[in-house]
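Residue numbers (the working numbering): 41 to 144. We put the CB at the ideal spot given by N, CA and C, even for glycine.
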């Protein structure tokens, strides 16, 4: 079920990155203990934590946007956060909402 949800949310969030001309990422799900998602920049593979199914759907969008931002800027530099801000302006609110869930 969460695989289907993630694929639908990826389709919804991806157009926000049109200006950055990034490849459409592959999606993988995995149970992770310490992070919500990862991005392999070289292969455009985004791995999402299956525990996100217990969080609001907007948090899935935030993690997808965060990981897609790595396809533009591979680190957590100021430039990375500028990309994230441009593509997903509400990221700070979603980050706080996710941390309030106490799922990890």
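Next on the checklist: What does the Cβ neighbour count give for residue 117, buried or exposed, with the cut at 16 atoms within 10 Å?
Outcome noted: Counting from one through the chain shown, the residue named residue 117 turns up at place 77. Label assigned to residue 117: exposed.
Item to check | Spatial neighbours of residue 53 in its chain, beta-carbon cut-off 6 Å, leaving aside the 5 residues before and after | outcome: Here residue 53 corresponds to residue number 13 of the chain shown, with the count starting at 1. Apart from sequence neighbours up to five positions away, the residues of its chain that approach residue 53 with a beta-carbon distance below 6 Å are 101, 104, 105, ordered along the chain.
Next on the checklist: Could you tell me the alpha carbon to alpha carbon distance between residue 140 and residue 62, rounded to whole angstroms?
Outcome noted: Within the chain shown, numbered from 1, the residue matching residue 140 stands at position 100. Within the chain shown, numbered from 1, the residue matching residue 62 stands at position 22. One C-alpha to the other measures close to 31 Å.
Checklist entry - For residue 138 versus residue 75, is the C-beta distance shorter than 8 Å? => result As a working note, residue 138 is residue 98 in the chain shown. As a working note, residue 75 is residue 35 in the chain shown. With contacts defined as CB atoms closer than 8 Å, residue 138 and residue 75 fail to qualify as a contacting pair.
Next on the checklist: Just to confirm before moving on: does the CB-CB distance between residue 91 and residue 143 stay below 8 Å?
Outcome noted: In the chain shown, counting from the first residue as 1, residue 91 sits at position 51. In the chain shown, counting from the first residue as 1, residue 143 sits at position 103. Cβ atoms of residue 91 and residue 143: closer than 8 Å.
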